[in-house]
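Note that my numbering has the sequence shown beginning at 19, numbered continuously upward.
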Amino acid sequence: MPIAQPAPKVALEGIELRVLHLPLVSPFTTSFGTEAVREVIVVRALTSDADGWGEIVTQESPLYSSEYTQGAWDVALRFLIPALLDRHTLAPEEVASVLEPFVGHRMSKAGLKLAILDASLRSAGIPLGAHLGAVRDRVPSGVSVGIQRDPSALVDAVRGYLDEGYVRIKIKIKPGRDIADTAAVRDAFGDIPLQVDANSAYTLADADTLAELDRFGLLLIEQPLQEDDLVDHASLAQRLRTPVCLDESIVSSKAAADALTLGSASVINIKAGRVGGYLEAVRIHDLCRAAGIPVWCGGMLETGIGRAANAALAALPGFTLPGDVSASSRFYDRDIVTEPAVLEDGHVRVPTGAGLGVEIDPVALEDMTVAREVLRR
Ligand code: NPG
């Protein structure tokens, strides 16, 4: 799909990075660990017209991906931002080619790209959704539920989210906390839209255990094997009735195309941070849509910045499954935007203002900042 409303060039005067610590409403446990505070990097692009905001979704430790906060901070300040400031005047769609010589670091690149795109769209008065090709004004909201103390605590947690109105439940699993947890949720709530996320915790040797999940009629199983296990995922997909969805493995549109060719997945989770930005995310959406592969928008515990952008992305026509685009209150008592995303009838609204369509709360931003650095031309 061509970009619906083009984003004009910006004159980039500087970039500010901040490391933020946002306390979570409750600890979030996955197969790779427990987080009680979300550490994230917020990016502010200073341009001659408008400031733009982005978010680098790395975590403190390289457990979900090889990227992590201090590494992102270093590569951004040492290489990526100087290369961008050197160009000075550039269109958002040119940012990828300026950063391309630097291998990897997709989350860092995605955050910088979003800030520049936001500045451009704000100055032109274009909402991000209109730029990306959104066709909906609100998106159905799924929720990701961390591993709890035991299956009965999990059932209690899920009940709370269903009561709030979330339209799809995703539970985290790991070896030893898979079949009984899933059975408990199915038994308690019947035929709700339910899926599981393994975050790479299994190997092909676990195929028999994973096949036991088939009896629960899940929407999908997400990322059972390692990031680079495309061939093993294809083998596993042959042995399961549950559709296999890839998350960590899909680091680019090339990886998505390879996964589809190999039969490694029949559903794809798109996260702009993981794939290097929202424009690459749209490319993956386009290729999956052409191939008849459903996609949904993943989440990385984003602040109000990334959450607004994810709502815009999830409003594209190929996003046919509810995403992890939940209300800000799912994770945070206090967000850094003045109007955090809320749940309305199981949906989150796509912002309609220019750019991200959300305004930063300067006091909250300052209160949660633990490090700050600005580079100017
Ligand atoms: O709703 O933002 C959300 C969280 C969804 O479970 C979620 N994210 O593996 O997809 C994941 C997981 C995650 C969060 C991974 C943060 C890495 C960092």
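Cβ atoms here follow ideal geometry from the backbone N, Cα and C, with glycine treated the same way.
Cβ distance (whole Å) where residue i is taken to contact residue j below 8 Å
i    : j    : result
V173 : V203 : 6 Å
R186 : R367 : Actually they do not touch by this definition, with Cβ atoms about 17 Å apart.
V262 : I239 : 6 Å
A330 : P369 : 7 Å
I323 : E73  : 5 Å
G364 : A128 : Not a contact, Cβ separation roughly 28 Å.
Residue i versus residue j: straight-line alpha-carbon distance, rounded
i    : j    : result
E31  : P24  : 21 Å
L254 : G151 : 34 Å
D67  : T52  : 41 Å
V37  : A198 : 39 Å
K289 : A333 : 14 Å
L228 : D69  : 48 Å
S126 : A389 : 16 Å
G291 : F207 : 33 Å
Q166 : A29  : 48 Å
D265 : N328 : 15 Å
I99  : V376 : 24 Å
L237 : R96  : 43 Å
E298 : D168 : 39 Å
I354 : A345 : 14 Å
S49  : P26  : 42 Å
L231 : R259 : 9 Å
R301 : V116 : 19 Å
L374 : A54  : 27 Å
T404 : N287 : Nothing can be reported for residue 404, as the shown portion of the chain is limited to 19 through 395.
D224 : D205 : 24 Å
I191 : Y82  : 14 Å
V121 : I189 : 33 Å
Burial state of residue i (16 or more Cβ within 10 Å)
i    : result
R124 : buried
I356 : For clarity, residue 356 is Thr in the given sequence; the question names Ile instead. Result: exposed.
E391 : exposed
Q256 : exposed
A171 : exposed
R195 : buried
E320 : buried
R325 : buried
S282 : buried
K272 : exposed
G362 : A quick correction: the sequence has Glu, not Gly, at residue 362. Its Cβ having fewer than 16 others within 10 Å, E362 is exposed.
R394 : exposed
E118 : exposed
E384 : exposed
R233 : exposed
S79  : exposed
Chain B contact for residue i (CB, 7 Å cutoff)
i   : result
D69 : In summary, chain B is missing from the structure at hand, where a single protein chain is found.
Using a Cβ distance threshold of 8 Å, determine whether the stretch 350–365 contacts the stretch 36–48, with at least three qualifying pairs required. The stretch 350–365, when compared against the stretch 36–48, does touch it at the 8 Å Cβ threshold.
How do the stretch 119–136 and the stretch 306–317 stand: do at least 3 beta-carbon pairs fall below 8 Å, yes or no? Because the criterion of three Cβ pairs below 8 Å is not met, the stretch 119–136 and the stretch 306–317 do not touch.
Per the contact definition of three or more C-beta pairs closer than 8 Å, is the stretch 142–151 in contact with the stretch 89–100? Not touching, per the Cβ criterion.
Segment contact flag, the stretch 58–69 with the stretch 333–342, C-beta cutoff 8 Å, min 3 pairs: Using a Cβ-Cβ distance cut-off of 8 Å, the stretch 58–69 and the stretch 333–342 are not in contact, since fewer than three pairs of beta carbons, one from each stretch, lie closer than that value.
Quick check: the stretch 102–115 against the stretch 169–187, are there 3 or more CB pairs under 8 Å? No: the two stretches stay apart, fewer than three of their Cβ pairs being nearer than 8 Å.
Validate contact between the stretch 160–174 and the stretch 136–143 using beta carbons, cut 8 Å, 3 pairs: Not touching, per the Cβ criterion.
Does the pairing of the stretch 238–246 with the stretch 211–222 give three or more beta-carbon distances under 8 Å? The count of Cβ pairs closer than 8 Å, one atom from the stretch 238–246 and one from the stretch 211–222, reaches three, so the stretches are in contact.
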